[in-house]
Amino acid sequence: MEFAKIVLSSLLSYAALFLCAKVIGRKQIAQLNFLDYITGITIGSIAAELATDLENMWKPLAAMGVYALLTWLLSLIGKRAARSRKFLDGTPTIIMQNGKLYRSNMKKAKLDLSEFMVMCREQGYFNLADIHTAVFEYNGKLTILPVSKKRPVTPEDMKLSPEQETLSTEVIMDGRILEENLKRMGLNAAWLDKQLRTQGVHDAKAVFLGLCDAQNKLTLYKMDP
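Structure representation (structure tokens):
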């Protein structure tokens, strides 16, 4: 009986976390603001308590619901009112511009010089003279605008007009044909079979990944031998 209660409470905890994630929305760790991060930790702690609390399961469930609802409401308010967004999320802070470092802005962002240097090196800037503007975003990332002479050369600089690249679509994954993706591209199984045979493949099960681009060019990655 005790084991059954543990299983039930764990399932409830997992389901509650899933529902909270649906309400709050999906974000990568780097995209979380401070409030989202704290809320995530809190909800996770409550979920852990729920998974082991065999007597009062509804109290943690209610607490998780309240946190998820508040987070959703604050997110909604932030989208509707720009001023509240500034208060909740903070604003970008200019750390460096035109060769000048703003010490006061660093203090405001609670960013020390060593951290700033590390973040610059992480983006490939080992010489601060190569940086025109550095902005510390509200999500904790550093955005850098390089000096024009130091930025990478673009096709436009060289008066070139390359064709726009497009995303490739998966048509085979782990040996399984994705018929919906084929249909969306206006293709069918007969076309795919012909393309496979052209490349010396007689069965889609031998393909680990198959990608098709906008020009209907099929690229195959075969299974390990």
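Everything in the sequence shown is counted per the working numbering, starting at 1 for the first residue and increasing by one.
In this text, a Cβ means the ideal position worked out from N, Cα and C, and glycines have one as well.
Within the model, the alpha-carbon separation for Pro162 versus Leu211 is close to 22 Å.
In the DSSP annotation of this structure, the continuous segment of the beta strand (DSSP E) that includes Thr133 starts and ends at Ile131 to Phe136.
Checking the DSSP bridge columns, you'll see Val207 partnered with Lys222.
Excluding its 5 nearest sequence neighbours in each direction, Val135 has C-beta neighbours in its own chain below 6 Å: Pro92, Ile94 and Thr143, listed in chain order. Sequence-distant partners of Asn188 (beyond 5 residues in either direction) whose C-beta falls short of 8 Å from its own C-beta, in its chain, are Leu182.
Residue burial annotation: Ala47 is buried, with at least 16 other C-beta atoms found within 10 angstroms of its C-beta.
When the Cα atoms are used, Ala68 and Gly44 turn out to be separated by approximately 11 Å. Taking the Cα positions, Leu76 is about 18 Å away from Tyr138. A Cβ-Cβ separation of about 7 Å places Gly175 in contact with Met223 under the 8 Å criterion.
Cβ contact annotation for Thr219 (same chain, cutoff 6 Å, sequence separation greater than five): Leu211, in chain order. Counting along the chain, no beta strand (DSSP E) covers Thr154, and no H or E run does either.
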